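First residue of the sequence shown? That's 0 in numbering that gives the first Met the number 0, and the numbers climb one at a time after it.
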Amino acid sequence: MEEGYLFLAGFAPAHDETYEKVRELLESQMEKAGFELLRFSELNLEKYPENTVLDLLQLLIEEKEVVKAGLEIEMVTLASLMMEAREKVEAYFAENDLITIAQIRDMFATNRKSAKSILEYLDTIKVTKKLGAETERVAYR
């Protein structure tokens, strides 16, 4: 049993041709979007059934290739992009005490919705934490 899943001994999810094609499809869209994070509904599923894509997306999340960001609106992006965001924000905190959604928006040349989701993700991994106001964060220490 692994995080709510029950597997037979020795079971591993198949990384078949469908998995590889859907992975490439999703990763290329997320890479192209950059820090303009995507909702699942914004992804182009091409010819693949929604349930298949959802299952494979969940697998990519469990394999830590993709992360969910945001609380109100759940968005998805590449884990590598969120690692880059983490590094930039940690570097920012080396010189500053406070960061706002507007500063995140400008730092990553994104929109407010994505900037908020990036900050919410950074809250969940304990890089930032709210400081009273919804739009302000400090380093998690």
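Glycine residues also receive a C-beta, built at the ideal position from the N, C-alpha and C atoms. Model, not experiment: these values are computed from the prediction.
Count the CB pairs spanning the region 119–137 and the region 43–51 that are closer than 8 Å, and state whether there are at least three.
no
DSSP bridge partner residues for residue 135 (one or two, in chain order)
99
Closest by C-alpha distance to residue 101, when choosing among 43, 139, 28, 132:
132
Beta-carbon within less than 6 Å of residue 104's beta-carbon, same chain only, minus the 5 sequence neighbours each way: which residues are those?
The residues are 111, 114.
Taking its Cβ as the centre, do 16 or more other Cβ atoms sit within 10 Å of residue 76, making it buried, or is it exposed?
buried
In the DSSP output, what is residue 67 paired with across the bridge?
75
Beta carbon of residue 55 nearer than 8 Å to that of residue 18
yes
For residue 74 versus residue 87, is the C-beta spacing smaller than 8 Å?
Pairing residue 74 with residue 87 gives a Cβ-Cβ distance that is not under 8 Å.
Residue from 138, 52, 37, 53 with nearest C-alpha to residue 69
Relative to the Cα of residue 69, the nearest Cα in the group 138, 52, 37, 53 belongs to 37.
Do residue 98 and residue 140 have their beta-carbon atoms positioned less than 8 Å apart in this structure?
Taking 8 Å as the cut-off, the Cβ atoms of residue 140 and residue 98 do not count as close.
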